[in-house]
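Beneath this line is the structure, given in structure tokens, with notes to follow.
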Amino acid sequence: MTSLSWRALLPVGLVVQVVTGCSHSSGTRPTSPPGPQTVTSEDIERNPGQPIERVLQGRFAGVEVTRTSDGIAVRIRGAASFNASTQPLYVVDGIPIQPGPNGSLTGLNPYDIESIQVLKDAADTAIYGMRGANGVIVIKTKRPGR
Numbered sequence: 017m018t019s020l021s022w023r024a025l026l027p028v029g030l031v032v033q034v035v036t037g038c039s040h041s042s043g044t045r046p047t048s049p050p051g052p053q054t055v056t057s058e059d060i061e062r063n064p065g066q067p068i069e070r071v072l073q074g075r076f077a078g079v080e081v082t083r084t085s086d087g088i089a090v091r092i093r094g095a096a097s098f099n100a101s102t103q104p105l106y107v108v109d110g111i112p113i114q115p116g117p118n119g120s121l122t123g124l125n126p127y128d129i130e131s132i133q134v135l136k137d138a139a140d141t142a143i144y145g146m147r148g149a150n151g152v153i154v155i156k157t158k159r160p161g162r
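Following my numbering, the numbering of the sequence shown begins with 17 at its first residue and continues without gaps.
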């Protein structure tokens, strides 16, 4: 085994000052990406009469809700587009659903919703496979007896 040794030959009486720099932060560095973002029923009730798409707009970072000639388009920024559309997967009470022809979720009453969660990260959407590649909007409804 070879060992390396380093010695500096300095003249006698020479004082060497070594300055090391370090930045200090009082905060802690996050160790993992932020988790899914959630809107609760209380948040929905604060804005009465709003359709679900409007509830999504402005509440979730990276969720874009735009009007199109056909209706409404919801896009989750950052999610890769592996299939033809950029529409996210909607999951209501564990069942994947398709929005209406104009892109809206007219069959859902906003007051029946307990929570809405947007999944953008690959680790969060992996359970949904390729269908979740454009992001997943998980809607949990209020059920009697729960």
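All C-beta atoms, glycine included, are put in the ideal place defined by N, C-alpha and C. Just so we're clear, the structure is a prediction, and the values are computed from it rather than from any experiment.
Residue span of the beta strand (DSSP E) that contains residue i, given as start and end
i, result
"A89", "88–92"
"R75", "Unbroken run through R75: none, as it is neither H nor E."
"T82", "79–83"
Any C-beta of chain B under 8 Å from that of residue i
i, result
"S131", "Here chain B cannot be found, since the structure has a single protein chain."
Strand pairing of residue i, partner residues [DSSP]
i, result
"P112", "V107"
"T157", "I129"
"L135", "V152"
"T54", "Q133"
Under the three-state DSSP convention, the category residue i falls into
i, result
"R147", "helix"
"T102", "coil"
Host alpha helix (DSSP H) of residue i (start-end)
i, result
"T141", "138–141"
"S57", "57–61"
Across the stretch 70–88 and the stretch 137–144, are there enough close Cβ pairs to call them in contact, namely three or more that are closer than 8 Å? Output reads no: the stretch 137–144 does not touch the stretch 70–88.
Quick one: any contact between the stretch 50–66 and the stretch 111–118, if contact means 3 or more CB pairs under 8 Å? In this structure the stretch 50–66 does not touch the stretch 111–118; the number of beta carbon pairs closer than 8 Å is below three.
Answer yes if the stretch 140–147 comes into contact with the stretch 119–127, meaning at least three C-beta pairs across the two stretches below 8 Å, and no otherwise. Judged by Cβ distances under 8 Å, the stretch 119–127 makes no contact with the stretch 140–147, as fewer than three pairs qualify.
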